[in-house]
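Protein chains in written order, with this note's numbering: chain A, 1 to 144; chain B, 1 to 144.
Structure first, then comments.
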DNA sequence: TTATAGTTTTGTAGTCATTACAAAGTTAGT
DNA sequence: ACTAACTTTGTAATGACTACAAAACTATAA
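Following this line, the structure appears as structure tokens:
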């Protein structure tokens, strides 16, 4: 059992989620691939390790871990949800053109709860939508 | 032609969107119903006014106006998109329990573009997820 | 070990918001 | 009025996600 597996089990147990082989694999995949994958991508990426893993289990696992605040669900992309293990607090930038989601270091002041008190805040999200450098370059070339 | 209709036409023209009867109706509905409705709700709410209005047109119109930054698409709710005419810049609070989306006045400093420059930012979003006052009260009662 | 109950996983069959598409309708300019 | 370009409409599809029930697994106790 690797060091990471121990950490993952402890993290899950601390949040009230029973660690199973599949759940550990999904969370480790998210930790080792901080590129905000979709459920489909996680499933595909784990198939060689757990050939019997079903897509349903990946969805169930992500939903369960999101409910226990272990992972974040990113819904910028209208086509499908992306998932994130938030090691550090950060904002997200979504490129409208290529769909890539990039982490943006966040100013700690932004994570402060706002003055409006008529709401119990459990989660804060900050995101930017626009165009990444590569897509800007590509469009510029085309336009010349 | 009402005052508002004139304003809507000017707004659309200024953003490069040709104003049609259906498009004007959709945008006015959003302005007069600042409760972040879904496409289905907008369609239903306009049927008595334009009985032939199709749901496809509502979707097309919202997509077009979003592309021209006239309306915002809110994707917190995993079930369906909500739409917003942002009269003032504001954040959104989404209640995980009842699904209601509430406007939160935003500190103008938060809308400033961040220092990370490798990205052309066209839109900034700030949201909170949690529980609204009513849902908190209801749960408290249940727990007593 | 074996039994048993509770939990998790799996595969299949849906559901449903959203989009593609082509025909019909509308608008604008000549 | 004529024509080209644009918009709307209805239907049919797409595809992410979920419901469900059977099978597999895990933990605990006798």
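Just so it is clear, CB atoms sit at the ideal spot from N, CA and C, and this is done for glycine as well.
With a Cβ-Cβ cutoff of 8 Å, do residue i and residue j count as a contact?
i	j	result
residue 119 (chain A)	residue 4 (chain B)	no
residue 93 (chain A)	residue 125 (chain A)	no
residue 58 (chain A)	residue 48 (chain A)	no
residue 76 (chain B)	residue 62 (chain B)	no
residue 128 (chain B)	residue 123 (chain A)	yes
residue 66 (chain B)	residue 46 (chain B)	no
residue 101 (chain A)	residue 74 (chain A)	yes
residue 106 (chain B)	residue 91 (chain B)	yes
Using the Cβ count rule (16 or more neighbours within 10 Å means buried), how would you classify residue i?
i	result
residue 55 (chain B)	exposed
residue 35 (chain A)	exposed
residue 95 (chain B)	buried
residue 39 (chain B)	buried
residue 79 (chain B)	exposed
residue 23 (chain A)	buried
residue 21 (chain B)	exposed
Are the C-beta of residue i and some C-beta of chain A separated by less than 8 Å?
i	result
residue 90 (chain B)	no
residue 78 (chain B)	yes
residue 10 (chain B)	no
residue 102 (chain B)	yes
residue 55 (chain B)	no
residue 13 (chain B)	no
residue 123 (chain B)	yes
residue 87 (chain B)	no
residue 25 (chain B)	no
Using a C-beta cutoff of 8 Å, does residue i count as contacting chain B?
i	result
residue 130 (chain A)	yes
residue 75 (chain A)	yes
residue 83 (chain A)	no
residue 61 (chain A)	no
residue 120 (chain A)	yes
residue 40 (chain A)	no
residue 20 (chain A)	no
residue 4 (chain A)	no
residue 52 (chain A)	no
residue 126 (chain A)	yes
residue 144 (chain A)	Model confidence at residue 144 (chain A) stands at a pLDDT of 34, short of 50, so the residue's coordinates are unreliable; what they give is reported in the following sentence. So no, residue 144 (chain A) is outside the interface.
residue 71 (chain A)	no
Grab the span of the alpha helix (DSSP H) containing residue i for me, first residue to last.
i	result
residue 46 (chain A)	39 to 46
residue 32 (chain B)	21 to 32
I'd like the span of the beta strand (DSSP E) that includes residue i, first residue to last.
i	result
residue 10 (chain A)	Note, residue 10 (chain A): premise wrong, no beta strand (DSSP E); alpha helix (DSSP H) at 3 to 14.
residue 53 (chain A)	Here residue 53 (chain A) belongs to no beta strand (DSSP E), and DSSP marks it neither H nor E.
residue 105 (chain A)	101 to 105
residue 73 (chain B)	72 to 74
residue 129 (chain B)	119 to 132
residue 90 (chain B)	90 to 95
residue 82 (chain B)	82 to 84
Notebook entry, point to check: With contact counted as at least three CB pairs below 8 Å, one residue from each stretch, are the stretch 69 to 85 of chain B and the stretch 5 to 18 of chain B in contact?
Noted result: yes
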